[in-house]
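In my numbering, the protein residues as written are 238 to 629.
Just so it is clear, CB atoms sit at the ideal spot from N, CA and C, and this is done for glycine as well.
Okay, so here's the structure we're looking at.
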Ligand code: FAS
Ligand code: PHB
């Protein structure tokens, strides 16, 4: 079966769904092909913090309702080390900016519901999705569904299919340059229906390793502890998690942790990764398909949003008056912001985690960096402006 749309999108994660929604609002016809089921995509527990830029795009996509009624606006974030809590006043240091705590699951839910209302083509459980002929003027997508082969002709293809997707794999190897750093630890995350230990996020550097106190609402908490790459989630009972988490927090905060049964528990590896360029003819890479950051800086989902911003603007200009300028500058514009977020995420990860191989000198450097950071308005401002999100 064959069909034609203007933009074919691979992947129904935040990048694909947000791009589809913004293009729909601009009268541009899209089709989204997602290999998993709707419920599987919604079942993935991932990001929790939105920059103001991402909030603005979700409002533009018509998905600001629940975000504003249920999202939690945070004017500050906290660093814990040497038994003390140090607040970074995001709002004061950035002249009024903040972040919104609203889980990626909810973002995806809102975007899926909005997409469904448009009636635009969205195929879940699409198998063997592949982009074709994107080096020419007439690219197309093929996929299988219920034993039938399908083709979608389009003007452009957006590869929004994440780190393990097919798009980047189809890029000409001689044109693709990748940059990567693998961290020698992972994050063990736990989700529980218990009130958060603190009203704002707390990033903790302790002699036993990193910990993060986050949340999804005032009734649902999200915690992480740094773990070994050899760790298996089955080896961590809820009790063992809660005990280790509290050992890594200042005493007063540890006493404020409400424990309870986990509703999700998983281990994620940490890597920094960037693929360049983001354009191959009429195929554009967007979001995790193009780059990965360690979640320390809460940038992954937010970078997907800024890529979508640049690509959506470029496509609207192309279909508006035929200009190619935005399409031609997409890769450089998106990568300029990506690399700044990669730097911030690498810096924050390096400062907050235990690197046993760095020895006592490395530990002392971390202590000096943290001491300088909380004692210098200039250093705190740098953290704050990166955390709330640099301008698009
Ligand atoms: P996604 O990976 O979300 O979506 C890609 C979609 O494409 C998926 O639905 C996938 O099923 C689909 N797909 C893949 N291959 C396909 C194919 N061949 N055909 C069709 N569809 C295909 N970010 C943060 O900011 N904070 C965090 O705490 C955080 N935690 C994370 C934990 C984990 C385990 C992971 C993996 C990521 C985490 N991230 C976090 C980053 C994450 O939020 C991503 O940045 C975000 O999901 C990016 O969205 P997309 O680019 O849409 O990619
Ligand atoms: C989360 O709530 O999942 C979260 C928040 C901030 C981060 C990473 C993850 O930096």
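Residue i Cβ short of 7 angstroms to ligand 1 heavy atom set
i: residue 577; result: no
i: residue 341; result: yes
i: residue 559; result: no
i: residue 538; result: yes
i: residue 284; result: yes
i: residue 549; result: no
i: residue 251; result: yes
i: residue 271; result: yes
i: residue 300; result: no
i: residue 541; result: yes
i: residue 389; result: no
i: residue 546; result: no
i: residue 278; result: yes
i: residue 626; result: no
i: residue 464; result: no
Proximity winner among the options, relative to residue i (alpha-carbon distances)
i: residue 459; options: 430, 446 and 348; result: 430
i: residue 304; options: 391, 552 and 289; result: 289
i: residue 267; options: 274, 256 and 277; result: 256
i: residue 432; options: 385, 379, 417 and 496; result: 496
i: residue 446; options: 454, 461 and 437; result: 461
i: residue 484; options: 275, 448 and 412; result: 448
i: residue 501; options: 281, 240, 360 and 265; result: 281
i: residue 203; options: 278, 312, 306 and 300; result: As shown, the chain starts at 238 and ends at 629. That puts residue 203 outside it, with no answer to give.
i: residue 498; options: 463, 514, 506 and 457; result: 457
i: residue 409; options: 522, 595 and 423; result: 522
i: residue 254; options: 515, 351 and 585; result: 351
i: residue 541; options: 475, 251 and 239; result: 251
i: residue 283; options: 381, 359, 453 and 479; result: 453
i: residue 329; options: 628, 617 and 627; result: 617
i: residue 612; options: 436, 340 and 316; result: 316
i: residue 401; options: 309, 567 and 512; result: 512
i: residue 360; options: 527, 389, 558 and 565; result: 389
i: residue 344; options: 481, 578 and 249; result: 249
i: residue 527; options: 538, 518, 543 and 510; result: 510
Residue i burial status per 10 Å Cβ neighbour count (16 or more: buried)
i: residue 242; result: buried
i: residue 607; result: buried
i: residue 354; result: exposed
i: residue 375; result: exposed
i: residue 529; result: buried
i: residue 455; result: exposed
i: residue 269; result: buried
i: residue 662; result: Residue numbering for the chain in the displayed model covers 238 to 629; residue 662 lies beyond these limits and cannot be assessed.
i: residue 265; result: buried
i: residue 419; result: exposed
i: residue 568; result: buried
Ligand 2 heavy atom lying under 7 angstroms from the CB of residue i
i: residue 535; result: yes
i: residue 324; result: no
i: residue 348; result: no
i: residue 405; result: no
i: residue 459; result: yes
i: residue 335; result: no
i: residue 532; result: yes
i: residue 449; result: yes
i: residue 438; result: yes
CA-to-CA distance, residue j to residue i, given in whole angstroms
i: residue 273; j: residue 582; result: 29 angstroms
i: residue 258; j: residue 442; result: 39 angstroms
i: residue 490; j: residue 318; result: 12 angstroms
i: residue 597; j: residue 444; result: 11 angstroms
i: residue 486; j: residue 493; result: 10 angstroms
i: residue 392; j: residue 263; result: 16 angstroms
i: residue 592; j: residue 426; result: 19 angstroms
i: residue 503; j: residue 477; result: 14 angstroms
i: residue 520; j: residue 406; result: 12 angstroms
i: residue 636; j: residue 322; result: Because residue 636 is not part of the residues shown, which for the chain are 238 to 629, the question remains open.
i: residue 327; j: residue 469; result: 36 angstroms
i: residue 632; j: residue 247; result: This structure cannot speak to residue 632, because the chain is shown only from 238 to 629.
i: residue 621; j: residue 535; result: 12 angstroms
i: residue 367; j: residue 546; result: 24 angstroms
i: residue 417; j: residue 298; result: 32 angstroms
i: residue 415; j: residue 488; result: 43 angstroms
i: residue 479; j: residue 589; result: 20 angstroms
i: residue 628; j: residue 531; result: 20 angstroms
i: residue 439; j: residue 309; result: 15 angstroms
i: residue 240; j: residue 384; result: 17 angstroms
i: residue 563; j: residue 554; result: 7 angstroms
i: residue 365; j: residue 517; result: 20 angstroms
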